[in-house]
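Residue numbers (UniProt numbering): 1 to 301.
What follows is a set of notes on a single structure, which appears directly below.
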C-alpha cells in the first residue's frame, strides 16, 4: 500500500510528454487559497464525491475519504488534446496519499484535437441534434466531442485495467475518476519525487530486454484486438516502461474496429508505429504476420 509522504518540490514535476518537447507551467489556480471554504491544507477538498468512479476491486491506495484534500503540484505535460497536472490527494495528518495525473481536456475555444474525424467514425450519440452539432463542429458540438474523448478514455482504461488484473497481459493506469472533461488517473512513476516512468522511446535495453518488451507489446495488442478495439495512436511516445512493465497510456482516440469502417487500418498502423521502433534497435519482428493475426483475433478475417 502506498502510504508514504511525497517529498517532491511543488511546481517542479518531471514528466515526458508525447511530443519531443513540452512546456511546464506552475499551478493551475494559485488564487484558490483565498476561498474561505477551502481546507487549511492543500488547494481544495477532494473531488471524489460526485465523480464517476473507476472499476472494482479498487486499489487500496485510492483515497475515497470525504476529508481528503487535493494539492496541485504543477503541470506534468501539455499535449494536443489535453493538459495533464500532477495532483496529490491526501488525508491531512496521515501518510495516506494518492498521486494522480489529472488530465484536463481543453474547452471548445482552445482545443487542438487532431485528425478526430477518422477516430469518431462509428461513435454515435442518441440525439440527432447532438450528432449534427458534432459533425458540423459547432461550439456545442466541440464540447460534445471533448466529453466523448474523456468518456471514451475513461471507459477504455476501466475495461482494460480489469482485463489486465485478470490476465496480466496488459497494463494501463488505474482510472480513478471522471468529472466532465477531467479524468484523474494513477500517476505512473516515482511517488516520492514526481519523476514519471520513462517513455518506451527513451528506454535503452539489451537484446533480451527488447525481446521481453516486444512480447509485452504483442500481448497488449492481442488483448486490444480480442476486445475489438485499437489504440488508435499507439507509439513509443505514449507507452511507458515502469518496473519492467509496459504501460499503455493516452487512449482517448480508442477505435471500435467493428463499427469503424477503417478499423483494420488503425490496427495495422498501431503495429507499424511500434514495430518500426523495435526493428530499428535490431530486433527481428514479423510485422505483417502480427497484423494478420490481430485482424483474425478482432474478427476482421
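Note that beta-carbon positions come from the ideal geometry of N, C-alpha and C, so glycine has one too.
For this session: Please classify residue 203: does DSSP put it in a helix, a strand, or coil?
Result: In this structure, DSSP gives residue 203 a state outside helix and strand, which the three-state scheme calls coil.
Problem set entry | Residues bridged to residue 177 (per DSSP) | 53 and 184
For this session: For residue 246, I'd like the list of residues in its chain whose CB is within less than 8 Å of its CB, leaving aside the five on either flank, ordered along the chain.
Result: 171, 200, 213, 216, 217, 220, 239 and 240
Exercise. DSSP on residue 61, reduced to helix/strand/coil?
Worked result: Residue 61: coil per DSSP, three-state reduction.
Exercise. Are residue 69 and residue 39 close, meaning C-beta to C-beta below 9 Å?
Worked result: yes
Exercise. Helix, strand or coil: which one does DSSP assign to residue 223?
Worked result: Looking at residue 223 - three-state DSSP - the assignment turns out to be helix.
Exercise. Do you know offhand how far residue 290's Cα is from residue 284's?
Worked result: 12 Å
For this session: Would you check if the distance between the CB atom of residue 255 and the CB atom of residue 244 is smaller than 9 Å?
Result: Not closer than 9 Å, so no.
Problem set entry | DSSP beta-bridge partners of residue 72 | 87
Exercise. Which whole-angstrom value is the C-beta distance of residue 253 and residue 232, which I expect to be below 8 Å?
Worked result: Between residue 232 and residue 253 the Cβ distance is about 4 Å, and since that is below 8 Å, they are a contact.
Problem set entry | Supposed close pair residue 203, residue 235 - CB separation, criterion 8 Å | With a Cβ gap of about 13 Å, residue 203 and residue 235 do not count as contacting.
For this session: Can you tell me which of the three DSSP states residue 94 falls into?
Result: It is coil, neither helix nor strand.
Problem set entry | Runs of alpha helix (DSSP H) wholly within the region 267 to 300 (minimum 4 residues, chain order) | 287 to 297
Exercise. What distance in whole Å lies between the Cβ atoms of residue 95 and residue 71, which are believed to be in contact at a cut-off of 8 Å?
Worked result: Actually they are not in contact, since the Cβ atoms of residue 71 and residue 95 sit about 15 Å apart, beyond 8 Å.
For this session: Apply the 10 Å Cβ neighbour rule to residue 175 and answer buried if 16 or more other Cβ atoms are within range, or exposed otherwise.
Result: Counting C-beta atoms within 10 angstroms of its own C-beta, residue 175 has 16 or more neighbours from the protein chains shown and is therefore classed as buried.
Exercise. Just the Cα atoms here: how many angstroms apart are residue 105 and residue 61?
Worked result: 25 Å
Problem set entry | Environment of residue 55 [buried if 16+ CB atoms lie within 10 Å] | exposed
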